[in-house]
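Visitor: Before I ask anything, let me first share the structure, which is written out below as structure tokens.
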């Protein structure tokens, strides 16, 4: 309305007249109102911006931890392209980060600055202890796996000859060896019986070495059993 008055009537208003002075006053009030509204919108935008800077969801939390190398990343595919890099969701660190977000957010979907610090404190204290404990457990499991593999590996070049050498160091004759193997006293021995008794003797042979030797010993067996003459023939020294 003021613009219409200005365009259509200002030319007919005499400078210094009451009408011209009233119009000038109305224009000043209108400009003040517009400036106040503009300032209010700017202030609201600043508040929203500050609010977004001090609030983050779980995805933003993980992205920050990836930047500081707390949560690892992994590459999908052969080439390490930017779009092929993703979060390593199977890592122990990701699990700690998830637990830290739960502790910090206290059931909420976002973190604010104080709760963000609480989540970081959890990672650097309880999370670190959890990761160290998990590392000890994994190291023990790795040692156990290596020990098992070492027993399964074939070490001997001639397992049957090494088995004979070990038996001859314990028994005077191969017949004494058969009596030792014959757990049931039926003058027959099975592969399971021989395997069990060899294990009790604690020979420096791996499990694979023993199995390879027993293949030669029981090579003529059909039902998994051999008699005294047969085993004495196979193991004589």
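In the working numbering, the protein residues as written are 14 to 250. Just so it is clear, CB atoms sit at the ideal spot from N, CA and C, and this is done for glycine as well. Here the structure is a predicted model, which is why all the values come from computation and not from measurement.
Touch check for the stretch 167-176 and the stretch 204-222: three-plus C-beta pairs under 8 Å?
Guide: yes
Visitor: Out of 205, 77, 240, 83, state which residue places its alpha-carbon closest to the alpha-carbon of residue 227.
Guide: Indexing the chain shown from 1 puts residue 227 at position 214. It is 205 whose Cα lies nearest to the Cα of residue 227.
Visitor: Determine the burial state of residue 118: buried for a count of at least 16 other Cβ atoms within 10 Å of its Cβ, exposed for fewer.
Guide: Counted from its first residue, the chain shown places residue 118 at position 105. Buried, since its Cβ has 16 or more Cβ neighbours within 10 Å.
Visitor: When burial is assigned at 16 or more other CB atoms within 10 Å of the CB, is residue 149 buried or exposed?
Guide: Looking up residue 149 in the chain shown gives position 136. That one is exposed.
Visitor: By DSSP, does residue 69 sit in helix, in strand, or in coil?
Guide: Position 56 of the chain shown holds residue 69. In this structure, residue 69 counts as strand in the three-state DSSP scheme.
Visitor: Roughly how many angstroms lie between the CA atoms of residue 151 and residue 104, to the nearest whole one?
Guide: Walking along the chain shown from the start, residue 151 turns up at place 138. Walking along the chain shown from the start, residue 104 turns up at place 91. Taking the straight line joining both Cα atoms gives about 13 Å.
Visitor: Could you check which residue in 178, 84, 71, 209 has the C-alpha nearest to that of residue 140?
Guide: Walking along the chain shown from the start, residue 140 turns up at place 127. The candidate whose alpha carbon is nearest that of residue 140 is 84.
Visitor: For residue 232, which of helix, strand or coil comes out of DSSP?
Guide: Walking along the chain shown from the start, residue 232 turns up at place 219. Of the three classes helix, strand and coil, the one that applies to residue 232 here is coil, per DSSP.
Visitor: By how many angstroms is the C-alpha of residue 174 removed from the C-alpha of residue 197?
Guide: Taking the chain shown and counting its residues from 1, one reaches residue 197 at position 184. Taking the chain shown and counting its residues from 1, one reaches residue 174 at position 161. Approximately 26 Å, taken between the alpha carbons.
Visitor: DSSP three-state call for residue 125: helix, strand or coil?
Guide: On the chain shown, position 112 is the one that residue 125 refers to. Here DSSP, grouped into helix, strand and coil, assigns residue 125 to strand.
Visitor: Output the boundary residues of the beta strand (DSSP E) element that contains residue 98.
Guide: The residue labelled residue 98 in the question sits at position 85 within the chain shown. Here the beta strand (DSSP E) through residue 98 covers 98-100.
Visitor: Are there 16 or more other CB atoms within 10 angstroms of the CB of residue 158, so buried, or fewer, so exposed?
Guide: Taking the first residue of the chain shown as position 1, residue 158 is located at position 145. Exposed, because fewer than 16 other Cβ atoms sit within 10 Å of the Cβ of residue 158.
Visitor: Let me know the secondary structure DSSP gives residue 83 once reduced to three states.
Guide: What you label residue 83 is simply residue 70 of the chain shown in a count that begins at 1. Residue state, collapsed to three classes: coil.
Visitor: Mind checking which residues open and close the beta strand (DSSP E) that includes residue 138?
Guide: Within the chain shown, the letter at position 125 stands for residue 138. Careful: residue 138 lies outside any beta strand (DSSP E) and carries neither H nor E.
Visitor: Helix, strand or coil for residue 252? Go by DSSP, reduced to three states.
Guide: This structure gives no information on residue 252, because the portion of the chain shown stretches from 14 to 250.
Visitor: What number of angstroms, rounded off, separates the C-alpha of residue 107 from the C-alpha of residue 232?
Guide: To locate residue 107, count along the chain shown from 1; it is residue 94. To locate residue 232, count along the chain shown from 1; it is residue 219. Going by the C-alpha atoms only, they are around 54 Å apart.
Visitor: To which residues does DSSP link residue 88 through a beta bridge?
Guide: In the chain shown, counting from the first residue as 1, residue 88 sits at position 75. Looking at the DSSP assignment, residue 88 forms a beta bridge with 98.
Visitor: Grab the span of the beta strand (DSSP E) containing residue 215 for me, first residue to last.
Guide: Here residue 215 corresponds to residue number 202 of the chain shown, with the count starting at 1. Per DSSP, residue 215 belongs to no beta strand (DSSP E) and is neither H nor E.
Visitor: Which same chain residues, not among the five before or five after residue 99, have their C-beta less than 7 Å away from its C-beta?
Guide: The residue given as residue 99 occupies position 86 in the chain shown. Taken in chain order, the residues that qualify are 86, 87, 89.
Visitor: If you draw a straight line from the C-alpha of residue 143 to the C-alpha of residue 127, how long is it?
Guide: Locating residue 143 in the chain shown gives position 130, where the first residue counts as 1. Locating residue 127 in the chain shown gives position 114, where the first residue counts as 1. Between residue 143 and residue 127, the C-alpha separation is close to 23 Å.
Visitor: According to the neighbour-count rule (16 or more other Cβ atoms, all chains shown, within 10 Å of its Cβ), is residue 235 buried or exposed?
Guide: As a first step, residue 235 is located in the chain shown; it is residue number 222 there, counting from the start. By the neighbour-count rule (16 or more Cβ atoms within 10 Å), residue 235 is not buried but exposed.
Visitor: Mapping DSSP to helix, strand and coil, what is residue 169?
Guide: For the purposes of this step, residue 169 is taken as the residue at position 156 of the chain shown. Looking at residue 169 - three-state DSSP - the assignment turns out to be coil, as it is neither helix nor strand.
Visitor: Going by DSSP, what residue range makes up the alpha helix (DSSP H) through residue 247?
Guide: Reading the chain shown from its first residue, position 234 is the one you call residue 247. Element bounds for residue 247: 241-248.
Visitor: Using a Cβ-Cβ cutoff of less than 7 Å, which residues in the same chain neighbour residue 245 once the five nearest sequence positions on both sides are dropped?
Guide: The residue given as residue 245 occupies position 232 in the chain shown. So the qualifying residues of the chain are 187, 188, 191.
Visitor: Can you tell me whether residue 185 is buried or exposed, with buried defined as 16 or more other CB within 10 angstroms of its CB?
Guide: Locating residue 185 in the chain shown gives position 172, counting from the first residue. Residue 185 is exposed by the Cβ-count criterion.
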